[in-house]
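Asks: The structure is given below, and queries will be raised subsequently.
Number of protein chains: 2
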Amino acid sequence: MTEYKVVELGALDTWDEFEGPLGRGKRFAEFELETKYMGMSSNAADPGKSAPWWHFHSQEEELYIFLSGKGQMGLNDEVVDVEAGTTVRVSPGTWSTWRCLPDSPEQLRFIVMRAGGGDLPRVGHDATMDKERPLPWA
Amino acid sequence: MTEYKVVELGALDTWDEFEGPLGRGKRFAEFELETKYMGMSSNAADPGKSAPWWHFHSQEEELYIFLSGKGQMGLNDEVVDVEAGTTVRVSPGTWSTWRCLPDSPEQLRFIVMRAGGGDLPRVGHDATMDKERPLPWA
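Line by line, the protein sequences give chains A and B.
Quick note on the numbering used here: the first sequence kicks off at 5 and runs consecutively.
Quick note on the numbering used here: the second sequence kicks off at 5 and runs consecutively.
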């Protein structure tokens, strides 16, 4: 573990250019940053795009920090409007999903942080998906 | 602990309006978000402004996510240029400080995240400051 590490994610309006294993616009920067306790992804989604499924984490707390565009989050049985500056803490065990509104004036760009009571689990090792549950705006 | 909590920080160009105990433009949103494992502050600094001192954390890892403006971070004996998209992992025990360049075209706006191997320490309870050490651009 080095004392620090610098990663250039690029200006926000270039975040959608990143091609990762989970598709375009989603970058799990934690691998490049070599973090020990925190997970971080940068996200950019076109109007009308949504997360492909609901998920929750068993141990990890998540923080969604929205930076541009207009969208919604599904949080258990509720739907919350989000825009630049909306920040949402999602506790372990809470189902969540998100979408960029079809008429959003720009891409929904946001950061997702993850941390729990110990070393950071690897991406996917603390997540439960429900690929059958209808998305709340379907 | 509720299942989730939503806090409106406002659009990035309003972050400097927040008046907190550490001055204008620095908002420890973790209290409003009621996070358990992660600390978060939103930050906006005018051109020429710098952090008032160096500091390091004993247990917590920090992540600086720069969103606008041009600045620099001091990291132990090095100085790193930062701009929108620059993300810096700072490991425990690493001295750091920051400034917005005097000729930055806009405010330096950034998020600072903190997490460690357990519940989040309260702000200040894991930090060591050196108020005598000259800032690297002094």
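Cβ atoms here follow ideal geometry from the backbone N, Cα and C, with glycine treated the same way.
To which residues of the same chain is residue 65(A) closer than 8 Å at the C-beta, ignoring the five residues directly before and after it?
Replies: The count along the first sequence starts at 1 and reaches residue 65(A) at position 61. Excluding sequence neighbours, residue 65(A) sits near 93, 94, 95, 96, 118, 119 and 120.
Asks: Buried or exposed for residue 34(B), please, with buried defined as at least 16 other CB atoms from any protein chain shown within 10 angstroms of its CB.
Replies: Looking up residue 34(B) in the second sequence gives position 30. Burial call: buried.
Asks: For residue 18(A), would you say it is in contact with chain B, using Cβ-to-Cβ distances shorter than 9 Å as the test?
Replies: Locating residue 18(A) in the first sequence gives position 14, where the first residue counts as 1. Closer than 9 Å to some Cβ of chain B, the Cβ of residue 18(A) qualifies, so yes.
Asks: What residue ranges within the region 21 to 72 of chain A form continuous beta strand (DSSP E) runs of no fewer than 3 residues, ordered along the chain?
Replies: If we require 3 residues or more, the beta strand (DSSP E) runs fully inside the region 21 to 72 of chain A come out as 30 to 32, 43 to 49, 58 to 61 and 65 to 72.
Asks: Which residues mark the beginning and the end of the beta strand (DSSP E) in which residue 13(A) is found?
Replies: Here residue 13(A) is taken as the residue at index 9 of the first sequence, counted from 1. Careful: residue 13(A) lies outside any beta strand (DSSP E) and carries neither H nor E.
Asks: Could you tell me which of 139(A), 132(A), 127(A) and 142(A) sits nearest to residue 40(A), measuring between CA atoms?
Replies: The residue you call residue 40(A) lines up with position 36 of the first sequence. Measuring from the Cα of residue 40(A), the nearest candidate turns out to be 127(A).
Asks: Is there a Cβ of chain A sitting closer than 9 Å to that of residue 7(B), yes or no?
Replies: For the purposes of this step, residue 7(B) is taken as the residue at position 3 of the second sequence. Interface residue, yes.
Asks: Specify whether the region 59 to 78 of chain B and the region 48 to 66 of chain A touch according to this definition: at least 3 beta carbon pairs, one from each stretch, less than 8 Å apart.
Replies: Touching, no.
Asks: Do residue 99(B) and residue 59(B) have their beta-carbon atoms positioned less than 9 Å apart in this structure?
Replies: In the second sequence, counting from the first residue as 1, residue 59(B) sits at position 55. In the second sequence, counting from the first residue as 1, residue 99(B) sits at position 95. Taking 9 Å as the Cβ cut-off, residue 59(B) and residue 99(B) qualify as a contacting pair.
Asks: Using a 10 Å radius around the Cβ and a threshold of 16 neighbouring Cβ atoms, would you call residue 86(A) buried or exposed?
Replies: In the first sequence, counting from the first residue as 1, residue 86(A) sits at position 82. Answer is buried; the Cβ neighbour count reaches 16.
Asks: With 16 other CB atoms within 10 Å as the buried threshold, where does residue 141(A) fall?
Replies: The residue you call residue 141(A) lines up with position 137 of the first sequence. With fewer than 16 other Cβ atoms within 10 Å, it is exposed.
Asks: Measure the beta-carbon distance from residue 54(B) to residue 101(B) and round it to whole angstroms, keeping in mind my assumption that it falls under 8 Å.
Replies: As a first step, residue 54(B) is located in the second sequence; it is residue number 50 there, counting from the start. As a first step, residue 101(B) is located in the second sequence; it is residue number 97 there, counting from the start. Right, the Cβ-Cβ distance comes to about 7 Å (below 8 Å), so this counts as a contact.
Asks: Less than 9 Å between the beta carbons of residue 45(A) and residue 113(A), yes or no?
Replies: Translated into the one-based positions of the first sequence, residue 45(A) becomes position 41. Translated into the one-based positions of the first sequence, residue 113(A) becomes position 109. Result no, Cβ atoms of residue 45(A) and residue 113(A) do not sit closer than 9 Å.
Asks: Please classify residue 135(A) as buried or exposed, where buried requires at least 16 neighbouring CB atoms within 10 angstroms.
Replies: Taking the first sequence and counting its residues from 1, the one referred to as residue 135(A) is at position 131. Answer is exposed; the Cβ neighbour count stays below 16.
Asks: Can you list, in chain order, the residues of its chain with a C-beta nearer than 8 Å to that of residue 42(A)? Leave out the 5 residues immediately preceding and following it.
Replies: Residue mapping note: residue 42(A) aligns to position 38 of the first sequence, counting from 1. Answer for residue 42(A): 34, 117, 118, 119 and 124, listed in chain order.
Asks: DSSP state of residue 142(B), grouped into three classes?
Replies: Looking up residue 142(B) in the second sequence gives position 138. The answer is coil: DSSP assigns residue 142(B) none of H, G, I, E or B.
Asks: When the Cα of residue 9(A) is compared with those of 27(B), 79(B) and 15(B), which residue comes out closest?
Replies: Residue mapping note: residue 9(A) aligns to position 5 of the first sequence, counting from 1. Taking only the C-alpha atoms, the option nearest residue 9(A) is 79(B).
Asks: Tell me which residue opens and which closes the beta strand (DSSP E) that residue 75(A) is part of.
Replies: Working through the first sequence from its first residue, we reach residue 75(A) at position 71. First-last of the beta strand (DSSP E) with residue 75(A): 74 to 79.
Asks: What residues match up with residue 110(A) in a beta bridge as DSSP calls it?
Replies: As a first step, residue 110(A) is located in the first sequence; it is residue number 106 there, counting from the start. Looking at the DSSP assignment, residue 110(A) forms no beta bridge with any residue, so it has no partner.
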